[in-house]
Every structure is written in structure tokens, then in C-alpha cells.
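Read through the structure below, which is laid out as C-alpha cells, and then see the notes.
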Amino acid sequence: MTDLPTLRESLEAHGLLARKSFGQHFLLDLNVTRKIVRLAGPFEGRAVIEVGPGPGGLTRALLESDLGRLVLVEKDPRFLPLLSELDDGDGRLAIVEGDALKVREADLVEGPAHLVSNLPYNVGTPLLIKWLTGPWTPLSLTLMFQKEVADRIVAAPGDEAYGRLAVISQATASARIVMHLPAAAFTPPPKVASAVVHLIPRPDRPPPELQKRLERVTAAAFGQRRKMLRSSLKPLGGGALCEAAGIDPDARAETIDIGGFLRLAATLGM
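Every letter in the sequence shown is one number past the one before it in our numbering, and letter 63, counting from 1, is 63.
Printed below as a string of C-alpha cells:
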């Protein structure tokens with residue numbers, strides 16, 4: 001990595017600018033990207049998938065780590081030549097042009113792998129749900145989000161940010177914010193601050209059918225979050241469903257913990 005031009009020099013040489021339509025904001029400070037990699041690791045020779053590497057700021061730091069193989073998934077073809085310059089021929093780096101929402105991760109890596117990404121803002125949430133509830137499960141996820149989204153992922157019952165994303169995320173993984181970054185850390189700077197969330201999928205996470213019911217319950221409950229559950233969950237059984245799950249029908253969604261929502265989802269299937 002030391003023989004390469006700086007990220008800014010590489011961007012200028014290739015005439016590249018961030019595309020707003022892709023939600024791109026580049027992280028060019030290698031001190032910051034190295035810290036993110038330290039928070040994500042150690043990888044102990046395991047594979048890592050990075051989505052939306054852009055000019056490769058995080059990629060450079062990952063290639064300095066103890067990973068075994070790094071697979072980049074980049075939708076914007078403008079960055080492919082620049083990313084190819086990071087390949088030193090040792091066989092560790094693979095570059096895939098594609099939409100991360102559509103690729104099959106199991107086709108990209110053999111065996112377990114970690115996910116480390118500065119996610120494009122416009123697809124961060126759907127990608128997280130895909131990785132937490134889909135057929136392929138990563139070893140860990142260390143992901144950059146807008147601070148507002150990060151707060152929603154780790155929120156606790158009673159918090160203003162507590163909602164569907166918190167319930168689904170925490171029912172399937174342990175989650176904590178490990179780093180905050182101001183808008184000025186990015187090029188171009190976004191309008192909001194960002195945060196890195198580290199998630200580890202739970203070995204006892206709900207099976208797929210229960211996850212589907214959990215999504216139905218949380219959609220109804222938080223779709224009308226100011227109403228009592230007997231009203232918001234009326235299409236799914238209302239008060240009777242709540243009582244069968246041991247939940248107060250007069251409670252509101254933001255006061256119910258993860259276990260309560262899992263009981264509601266389990267009861268819905270009976």
C-alpha cells in the first residue's frame with residue numbers, strides 16, 4: 001500500500017467525483033479507516049466482504065489486516081479500474097461489479113466471512129435486513145450508517161429511536177455503536193454525522209418463519225406507534241393476541257422489549 005498514490009491523487013487522476021444518486025460519501029483518511037478495521041477484527045485469515053468500496057479507502061486498510069481474502073462488491077463501474085490498482089497479485093483481492101442487494105454472498109466466498117463496509121446511505125437499511133434475516137449469515141458486521149440509522153439499530157425500549165429496525169436487528173444480533181464520525185470526515189461531507197455499528201449474529205436467532213411473523217407484528221405495532229397495541233394490532237388479533245402472549249393490550253409499541261415482540265410473533269403463528 002505504501003507505493004500507491006494517495007486516495008485524493010487517485011481520485012483526481014481518474015477524474016472521479018461522488019454520485020449523489022448512489023449515496024456516495026468517500027472516507028479518505030487512512031487513520032480513520034484503519035481504526036474501523038481494528039474495531040472489526042481480528043479476522044484470523046477469514047474472508048471479508050466490503051460493499052461499496054468506492055475509491056478504496058477502507059479497502060486499503062483491510063488489505064493491511066489479517067484477513068484471508070477480500071471480496072469487493074461495487075455497483076459503480078467508474079471505480080473498477082481504480083480498485084484494480086490495489087491488487088498486488090497475491091490472490092487475496094477479488095472485485096465484483098454488481099448490486100449488493102441482488103448478489104448472493106454464498107457465491108462470493110467459501111465458508112464463513114465478515115462484512116465491513118462504509119455503506120451507501122441510500123441502501124444501508126435494506127442491506128442490513130438482508131444480511132440479518134437472509135439465508136447467508138456473516139460472522140460479524142461492522143458497518144457505517146448515518147448516525148440516525150445507527151441510533152435506530154441500537155435503541156432500547158422507551159427511546160425515541162426505538163422501532164422496527166431495533167427490534168429486528170436486536171432479535172437477530174447483538175449490536176453496539178463503536179465509533180462516531182462527523183460529516184467533515186467524508187468527501188464530499190454529507191449533511192449528517194455518521195456512526196459505525198458492530199453486530200454479531202445471535203446463534204439462537206429466530207428461525208425464518210418466526211422472523212417473518214416478527215416483521216408483520218412490528219410493522220403493525222409501529223405503523224401506529226402512538227396507539228395502544230389492542231388497536232394497532234387489531235388486524236392480527238388485537239387484545240386477544242396480546243393477552244395470549246402475556247403482553248398488556250393497553251401498552252404502546254415503544255414500551256415492549258425484544259422478548260415481548262418475539263412472544264407476540266410466536267403467538268401469531270399458533
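Backbone N, C-alpha and C fix where the C-beta goes; we use that ideal spot for every residue, glycine too.
* T33 versus L115: straight-line alpha-carbon distance, rounded -> Annotation: T33 to L115 spans about 14 Å, alpha carbon to alpha carbon.
* Which of helix, strand or coil DSSP assigns to E209 -> Note: E209 maps to helix in three-state DSSP.
* **Beta bridge counterpart(s) of T142 as assigned by DSSP** => Looking at the DSSP output, T142 shares a beta bridge with V116, H198.
* Asked: Okay, do the segment 55-71 and the segment 34-44 touch, 3+ Cβ pairs below 8 Å being the bar?
  -> yes
* Assigned exposure category for S117 - 16 Cβ within 10 Å defines buried -> That one is buried.
* 8 Å contact criterion, which A166 and R152 should meet: CB distance rounded -> 6 Å
* **Contact set for P157: own chain, Cβ-Cβ below 7 Å, skip 5 residues either direction** => E254, T255, I256, D257
* Name the two residues that bound the continuous beta strand (DSSP E) containing E64. => Element bounds for E64: n/a, residue is neither H nor E.
* Residue range of the unbroken beta strand (DSSP E) whose run includes R176 -> 173-181
* Asked: With L199 and L141 assumed to form a contact (beta carbons below 8 Å), what rounded beta-carbon distance in angstroms separates them?
  -> 4 Å
* Asked: Among the residues of its own chain, which have a CB less than 8 Å from the CB of P77, if the five just before and after it don't count?
  -> Excluding sequence neighbours, P77 sits near E97.
* Asked: DSSP puts F186 in a beta bridge; with which residues?
  -> L27
* Asked: Does the Cβ-Cβ distance between A195 and L210 come in under 9 Å?
  -> no
* Which class does V192 belong to by DSSP, given the choice of helix, strand or coil? -> coil
* With burial defined as no fewer than 16 other Cβ atoms inside 10 Å of the residue's Cβ, what is the status of P81: buried or exposed? -> exposed
* To do: Please look up how many angstroms separate the CB atoms of A150 and V197, rounded, as I've assumed it's under 8 Å.
  => 5 Å
* Closest Cα partner of L93 within the set G57, I49, F79, G124 -> I49
* To do: Evaluate contact between the segment 183-191 and the segment 229-245, counting only Cβ atoms and requiring at least three cross-stretch pairs below 8 Å.
  => Verdict: no, contact absent.
* To do: Please work out which residues of its chain come closer than 7 Å, Cβ to Cβ, to T267, disregarding the five sequence neighbours upstream and downstream, and give them in chain order.
  => L241, A244, A245
* Asked: Where I247 and N31 are concerned, what is the direct C-alpha to C-alpha distance, given to the nearest angstrom?
  -> 48 Å
* How about L86 and R46: are their beta carbons less than 9 Å apart? -> No.
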